[in-house]
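Visitor: In UniProt numbering, the protein residues as written are 1 to 294.
Shown next as structure tokens:
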């Protein structure tokens with residue numbers, strides 16, 4: 001069974017300029033200690049060896065009371081986890097679970113706040129934008145910036161899909177003076193949003209669930225019972241006649257003729273990657289330049 005005690009560190013780096021030091025709760029479990037910082041600070045001579053604030057301190061009564069409550073809360077969390085679970089945990093693992101449960105909203109997991117934290121840590125810009133647009137679509141649907149992850153249920157997702165299917169997207173006119181047009185959201189966009197929410201939801205489950213110790217804070221799997229609209233990529237094929245017209249076209253501007261030639265080269269090279277094409281072009285120009293110099 002883990003034990004808890006209020007302690008302080010008196011080394012140089014632990015003492016603030018005002019001479020106080022942070023009170024920490026020491027967790028001792030399975031032969032090793034871990035420390036949880038608190039919001040309380042005292043001068044070193046105000047902490048007794050038994051982990052209580054000495055009576056000569058002006059705030060001894062309130063500090064001892066609040067530290068006692070905090071320790072009791074930690075013990076309660078251990079009892080809630082159960083001996084069969086905590087016995088298998090290292091002290092570090094137990095500390096992590098205690099810190100998760102000790103927050104005021106430990107039973108409430110804010111999906112929006114969690115998702116935005118994930119977005120801020122996502123290195124790939126396109127992936128971050130994908131997550132953000134998916135999250136914003138869900139926020140617009142539910143009409144709130146605070147969503148309990150447990151409220152994302154099978155029915156919620158089904159209603160979300162219906163909502164997206166009925167949404168109209170404004171298509172800006174490319175011709176000056178022409179009115180903008182609207183169209184319904186395509187299945188590909190709906191697919192994209194739902195996959196984004198599913199990815200964030202699965203990350204939340206990975207963060208808050210600990211299957212090794214049977215700690216399941218997010219038990220639902222709402223995506224298992226819905227069918228996400230299939231995304232079929234539209235193929236924009238050119239006919240043979242169109243290819244021939246492009247090949248044989250003559251333009252007044254040299255840059256337009258160059259664009260035609262580049263297009264045909266890409267076509268002849270069976271859709272080579274643009275980076276590879278550019279590198280090949282540079283190499284070719286280098287060879288031609290060297291031959292010209294010789």
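A virtual CB, placed ideally from N, CA and C, is assigned to each residue, including glycine. Here the structure is a predicted model, which is why all the values come from computation and not from measurement.
#1: Secondary structure at residue 26, three-state DSSP: helix, strand or coil?
#2: Measuring only the C-alpha atoms, how far is residue 251 from residue 268?
#3: Give the single residue among 160, 20 and 62 whose Cα lies nearest to the Cα of residue 12.
#4: Does the pairing of the region 119-133 with the region 194-204 give three or more beta-carbon distances under 8 Å?
#5: Output the boundary residues of the beta strand (DSSP E) element that contains residue 262.
#6: Would you list the residues sitting across from residue 33 in a DSSP beta bridge?
#7: Would you tell me roughly how many angstroms separate the C-alpha atoms of residue 156 and residue 184, rounded to the nearest one?
#8: Restricting to Cα atoms, I'd like to know which of 221, 47 and 125 is closest to residue 151.
#9: What does a CB cutoff of less than 6 Å around residue 52 pick up in its chain, not counting 5 residues either side in sequence?
#10: Which of the three DSSP states is assigned to residue 214 in this structure?
#11: Output the distance between the C-alpha atoms of residue 122 and residue 114, rounded to the nearest integer angstrom.
#12: Would the beta-carbon of residue 28 fall within 8 Å of that of residue 2?
#13: Where does residue 39 land, buried or exposed, given buried means 16+ other C-beta within 10 angstroms?
#14: For residue 86, name the three-state secondary structure that DSSP assigns.
#15: Is residue 38 close to chain B? Criterion is C-beta to C-beta, closer than 8 Å.
Guide: From the atom records:
#1: It is a strand residue.
#2: Roughly 21 Å between the two C-alpha positions.
#3: When each option's Cα is compared against that of residue 12, the closest is 20.
#4: Enough Cβ pairs lie closer than 8 Å, so yes.
#5: Where residue 262 is concerned, there is no enclosing beta strand (DSSP E), although the alpha helix (DSSP H) it sits in stretches over 254-268.
#6: DSSP lists 28 as partners of residue 33.
#7: So the alpha carbons of these two residues sit roughly 21 Å apart.
#8: Out of 221, 47 and 125, 221 has the C-alpha closest to the C-alpha of residue 151.
#9: Here residue 52 has 64 as same chain residues with Cβ atoms under 6 Å from its own Cβ, once five neighbours each way along the sequence are excluded.
#10: Look at residue 214 here: in three-state DSSP terms it is coil, with no helix or strand label.
#11: The alpha-carbon atoms of residue 122 and residue 114 are separated by roughly 13 Å.
#12: For residue 28 and residue 2, yes; Cβs fall inside 8 Å.
#13: Residue environment for residue 39: exposed (fewer than 16 other C-beta atoms within 10 angstroms of its C-beta).
#14: Of the three classes helix, strand and coil, the one that applies to residue 86 here is helix, per DSSP.
#15: Note that chain B does not occur in the displayed structure, where there is just one protein chain.
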